[in-house]
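Residue numbers (my numbering), protein chains in the order written: chain A, 115 to 470; chain W, 115 to 470. Glycine residues also receive a C-beta, built at the ideal position from the N, C-alpha and C atoms. In what follows, a structure is listed as C-alpha cells, so that the remarks can point back to it.
2 protein chains.
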Amino acid sequence: MFVTGHTRSCDSADPPQGRRKAASIRDVARAAGVSYQTVSRVVNGHPNVREETRKRVQEAISALGFRRNATAFALASGVTRSITVLTSNTLLYGYAATLQGLEEATRAAGHTLGVRVLTPEDDLDRTIASAADAGGGLVVIGFDRLGAAALDRVPAHVPCAAVVEAPPPGSTPGLPAVWADDREAARAATEHLLSLGHDTVHYVAIPASTGSPRSVGPRAEGRRQALESAGVAVPEPSGKGWDAQAGYEAGRKLARNPEATAILCGNDDLALGVLRALHHAGRRVPQDVSVVGFDDAPHSAYVTPSLTTVRMDFQGLGRAAFGLLRTRLDPDQQAPVAPPAAPTLVLRESAGPRRR
Amino acid sequence: MFVTGHTRSCDSADPPQGRRKAASIRDVARAAGVSYQTVSRVVNGHPNVREETRKRVQEAISALGFRRNATAFALASGVTRSITVLTSNTLLYGYAATLQGLEEATRAAGHTLGVRVLTPEDDLDRTIASAADAGGGLVVIGFDRLGAAALDRVPAHVPCAAVVEAPPPGSTPGLPAVWADDREAARAATEHLLSLGHDTVHYVAIPASTGSPRSVGPRAEGRRQALESAGVAVPEPSGKGWDAQAGYEAGRKLARNPEATAILCGNDDLALGVLRALHHAGRRVPQDVSVVGFDDAPHSAYVTPSLTTVRMDFQGLGRAAFGLLRTRLDPDQQAPVAPPAAPTLVLRESAGPRRR
DNA sequence: GCCCGCGTTGTGACCGCTCACAATCCTCGC
DNA sequence: GCGAGGATTGTGAGCGGTCACAACGCGGGC
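Now the structure itself:
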C-alpha cells in the first residue's frame with residue numbers, strides 16, 4: 115500500500131486480528147493454581163518457593179507468554195530503571211559520541227535511555243520537570259549555553275548528573291559532574307604549535323557554554339595561558355558557531371593575515387572550514403599555515419591534509435556520567451565510576467614547522 | 115570533591131535534606147476541599163467543573179507543586195506517550211540524522227523517545243520484547259543487517275514502524291515503512307558520471323541490509339541498472355564496511371586501476387576514504403578520477419575537493435516513520451504523514467569531465 | 001505430646017491514577 | 001410548585017504489580 119511512493123502504511127489490515135491483552139500475574143496464578151503472590155515470587159526469583167511450585171509457575175508463564183508489566187512494576191515498587199538525557203544537539207560529534215557512551219553504559223546496566231533535545235524555545239523548567247518525572251534520573255550535556263542553562267535549573271531533589279565543558283567554578287556544590295581537561299589539552303596543542311616555531315597561535319573558538327561575557331571556555335583559556343607563559347602575543351579569538359561554515363568564515367579573515375601561521379580550532383568542524391578557507395585563499399597547509407583541531411571526529415584522519423587534533427574520550431565521559439548518576443540513584447552501588455581517558459594530541463599532517 | 119580530577123560526585127551532602135514525597139492527586143484534593151476525582155478532572159481539563167472549583171483546585175495544585183504521576187497515569191489509562199527506536203548505530207551520519215528527525219517529531223507530538231542500540235550479541239527477541247513493553251511503540255532503523263533482522267522479528271501485535279533502505283519485497287504485508295528512493299538516486303548519480311564522459315562507473319558499496327547474497331542493496335542496484343541501460347561494462351562492486359577506513363582500502367585497489375576514472379560510493383565516509391587513497395596514489399580528483407558520495411554528510415561540502423554527493427532527507431525519513439507509527443497507535447489521528455524529500459544530486463568539485 | 005520456628009503460601013492494602021456510575025445540586029418549563 | 005434534565009460532584013472498582021503480614025504444614029527439641 116503505497117501512500118507517496120516513499121511510505122507504506124498498513125492501515126486497517128490489522129485491527130480485526132484483535133490484539134489480545136497481555137497476561138497478568140493473576141492470569142498466570144490461575145493457570146498454575148497458585149496465588150498471584152507466588153507468581154510474583156517466582157518472577158522475582160524469591161528464594162522461598164518450593165521447587166515444584168516454581169516449575170509449575172514457570173510453565174504457566176511461558177505458556178501464557180507472560181511478561182511483567184514494566185509500568186505497574188514501576189508504580190508499585192517505585193523503581194524506574196530509566197534515565198533521560200537532555201542535550202541541545204545530537205548531530206555534532208562531541209554530543210553524538212557522548213550520547214553513545216551514555217547509551218552503552220545505560221544498556222549495560224539494564225536501564226533504559228530517553229533522549230530529549232533542548233531548543234531555545236523550550237521552557238526549561240517545564241522541560242526538566244517532565245523529563246524528570248518520566249523516570250529515574252537525568253543526565254544533562256552541558257557543552258553549550260543551553261545545556262548549561264538547563265543544568266542550573268535542575269531542582270535539587272531530582273537525581274541528575276552532568277557532563278560539562280569544564281569544572282564548575284568552585285562554589286556550586288550540587289551536581290555530580292564529569293569533564294575532560296580541555297584547558298590542559300588546549301595548552302598542550304598550543305605548545306606544540308609554538309614548538310614548531312610559530313610566533314603565536316590564533317584561535318577559532320566554539321561558542322562558550324557560560325553566560326558570563328568574561329568566560330571564554332577552557333579551550334580558549336588553555337591556549338591563552340600557553341601563549342602567556344611563552345610570553346608571546348595573544349591574538350583575539352574569532353569564530354561564531356560550531357560548524358564548518360563558521361570555521362570557513364573565520365578562516366577567510368585569518369587567511370588574509372600573513373602573520374597567522376598557526377591556528378587552533380575549537381573543534382574539528384571549525385578546523386575543516388578553516389582548512390577550506392585557507393585552500394581558497396591559496397595558502398598551503400601545513401607549509402604556509404598550520405591548523406590544529408579539537409575532538410578527533412571520525413573523518414578528521416581522512417581529510418587531506420589529515421587533521422592534527424586533540425582526541426577526546428566522549429564515550430568515556432558519557433559512561434562516567436551514567437556511573438555518577440547511578441551511584442546517586444542507588445548509593446550502595448558497587449561498581450566504581452571509571453574516569454574517562456585524558457585528552458591526547460594526535461599528530462597528523464595539518465600542523466608542521468613554521469617556514470620563513 | 116574530586117574523585118579523579120575529571121569527576122565530581124556529591125555524595126551524602128544530599129540525603130539529609132529529605133526528599134519529600136511528591137504530592138498526589140489526593141493531597142491536592144484534601145487541600146482544595148474536593149474529591150480526588152475533581153482534581154483529576156481539573157488536571158485533565160475536563161469541561162464540567164465549576165469555574166470557582168477549578169480555580170481552587172488549580173491553586174492547591176500550584177501550592178503543592180503537584181505534577182501528575184506519569185507512571186500511574188500510564189498504568190491506569192493504558193496510554194503511554196512514548197516510543198523507542200531500535201538502531202544498530204548512532205554515530206554514522208544517516209543513522210544520527212534519522213534519529214534527529216525522529217526525536218524532533220516525537221517531541222513535537224509531546225511524546226518521549228527512547229533509544230536502544232542493537233548489537234550482534236543481542237538476543238533480538240528478548241531485546242524487542244523489552245523495548246516493546248517499555249512503552250507505546252517501536253521504530254526500527256533497518257539500514258543494515260542487524261536492523262533488518264530485528265525488523266522481521268517484531269511480533270505482529272506490537273505497534274512498529276520502520277525506516278528501511280528499500281521497499282520490502284512486495285510480499286511482506288505487515289509493517290508500515292518509509293524509505294527513500296536510493297535506487298533512483300544511484301541511477302541519477304551514475305548517469306551524471308557517464309554524462310561526464312566516463313566509460314563506466316565503479317562502485318564502493320556499503321554493506322547490504324538483507325541476508326540474501328544476491329541482493330546488494332538499492333544503491334548498487336541503481337548504479338547497475340544505469341550502466342546496463344547505457345550498455346557499458348559493470349565492474350564488480352568493492353568495499354567491505356561503512357567507514358572511511360573501508361573506503362580507503364577499496365580506494366587503494368581502485369587507484370591502481372587506470373580504467374577506474376569514476377567511482378560512486380555508498381556513503382560519504384567511504385568516499386572520503388577513497389579520496390584519501392587516490393591522493394596517496396597520486397591520482398588527482400577530479401582531473402584523473404571522479405568521485406561521488408552518498409548522503410551529503412555535513413562535512414562533505416567542506417573537504418577538498420568538496421564532495422559531489424546525493425543529499426538524503428534522513429530527518430524527513432525519521433519524521434515520516436514517527437508519523438506512520440503514530441497513526442498506527444492512534445488510528446483517528448488527523449495529521450497526515452509528510453513524505454520525505456526526494457534524494458537530490460548535489461554537484462560539487464569531486465566529479466568532473468573525463469580527461470584523456 | 002506440645003510448642004517453637006522455619007519454609008511456604010495466601011490475603012489485604014496500597015502505589016497514583018483512570019474509568020464507570022451513582023448522587024447531588026440547579027435551573028428551567030409548564 | 002414540581003419533575004425533568006443537565007451540570008457538578010463523589011464513590012467504588014480496577015490498572016498490574018509490590019509490600020507487610022497472617023496462615024498453614026512440617027520437623028525437631030524438650
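ALA146(A) is outside the set of residues whose beta carbon lies under 9 Å from a beta carbon in chain W.
Not a single CB atom of chain W sits nearer than 9 Å to the CB of ARG398(A). Under the 9 Å criterion on CB atoms, PRO234(W) is classed as non-interfacial with respect to chain A. Here VAL253(W) is near VAL199(W), since their CB atoms are less than 9 Å apart. Using a C-beta cut-off of 8 Å, the region 375-388 of chain W makes no contact with the region 447-460 of chain W, since fewer than three inter-stretch Cβ pairs fall below that distance.
With 16 or more neighbouring CB atoms inside 10 Å of its own CB, HIS393(W) falls in the buried class. Using a CB distance cut-off of 9 Å, ASN183(A) counts as an interface residue toward chain W. If you look at VAL229(A), you'll find it in the beta strand (DSSP E) that goes 226-231. In the structure shown, SER154(A) adopts helical secondary structure according to DSSP, grouped into three states. DSSP places TYR317(W) inside the beta strand (DSSP E), whose first and last residues are 316-318. CA-CA distance, VAL315(W) to LEU431(W), rounds to 28 Å. Look at TYR416(A): its C-beta is under 9 Å from a C-beta on chain W. Of all residues in the region 320-353 of chain A, none places a beta-carbon less than 9 Å from a beta-carbon of chain W. According to the DSSP assignment, LEU386(W) belongs to the alpha helix (DSSP H) that extends over 382-394.
Annotated three-state conformation of LEU438(W) is helix, per DSSP. Using beta-carbon distances, HIS393(W) counts as an interface residue toward chain A, with a partner under 9 Å. A residue is called buried once 16 or more other Cβ atoms fall within 10 Å of its Cβ, and ALA300(A) is buried on that count. A Cβ-Cβ separation of about 6 Å places VAL157(W) in contact with ARG182(W) under the 8 Å criterion. With at least 16 other beta carbons inside 10 angstroms of its own, LEU227(A) counts as buried. Under the three-state reduction of DSSP output, VAL142(W) falls in the helix class. Going by C-alpha positions, ARG168(A) is about 15 Å away from ARG140(A).
Under the Cβ distance rule, HIS413(W) counts among the residues neighbouring chain A, one pair being separated by less than 9 Å.
Counting along the chain, the unbroken beta strand (DSSP E) around LEU378(W) starts and ends at 376-379. Restricting attention to alpha helix (DSSP H) runs no shorter than 4 residues, the region 167-209 of chain A encloses them at 184-191, ordered along the chain. Residues of chain A whose Cβ lies closer than 7 Å to the Cβ of GLY159(W) do not exist, since the nearest Cβ in that chain is about 17 Å away. Secondary structure at GLY288(A): coil, using DSSP grouped into helix, strand and coil. About 5 Å separates the beta carbon of ALA465(A) from that of VAL406(A), a gap short enough to meet the 8 Å contact definition. Between VAL460(A) and ARG433(A), the C-beta gap is not smaller than 9 Å, which leaves the two residues out of contact. Close CB contacts of VAL229(A) within its chain, under the 8 Å cut and outside five residues either way in sequence, are with THR198, VAL199, THR201, THR204, LEU213 (chain order). In this structure, the beta-carbon distance from THR375(A) to HIS306(A) does not fall below 9 Å. Cα atoms of LEU341(W) and ALA303(W): separation of roughly 11 Å, rounded to the nearest angstrom.
Chain order gives the chain W residues near ARG390(A) as ALA415, TYR416, VAL417, THR418, SER420, where near means a beta carbon separation below 9 Å. In the same chain as LEU265(A), and ignoring 5 residues on each side of it, the C-beta atoms closer than 6 Å to its own belong to VAL254, GLY256, ALA276, in chain order. According to DSSP, SER404(A) shares a beta bridge with ALA376(A). Each residue's CA atom was taken as its position, placing ALA137(A) and LEU178(A) some 6 Å apart.
Excluding five sequence positions before and after THR422(A), the CB atoms of its chain that fall closer than 6 Å to its own CB belong to VAL406, LEU461, ARG462, SER464, ALA465, given in chain order.
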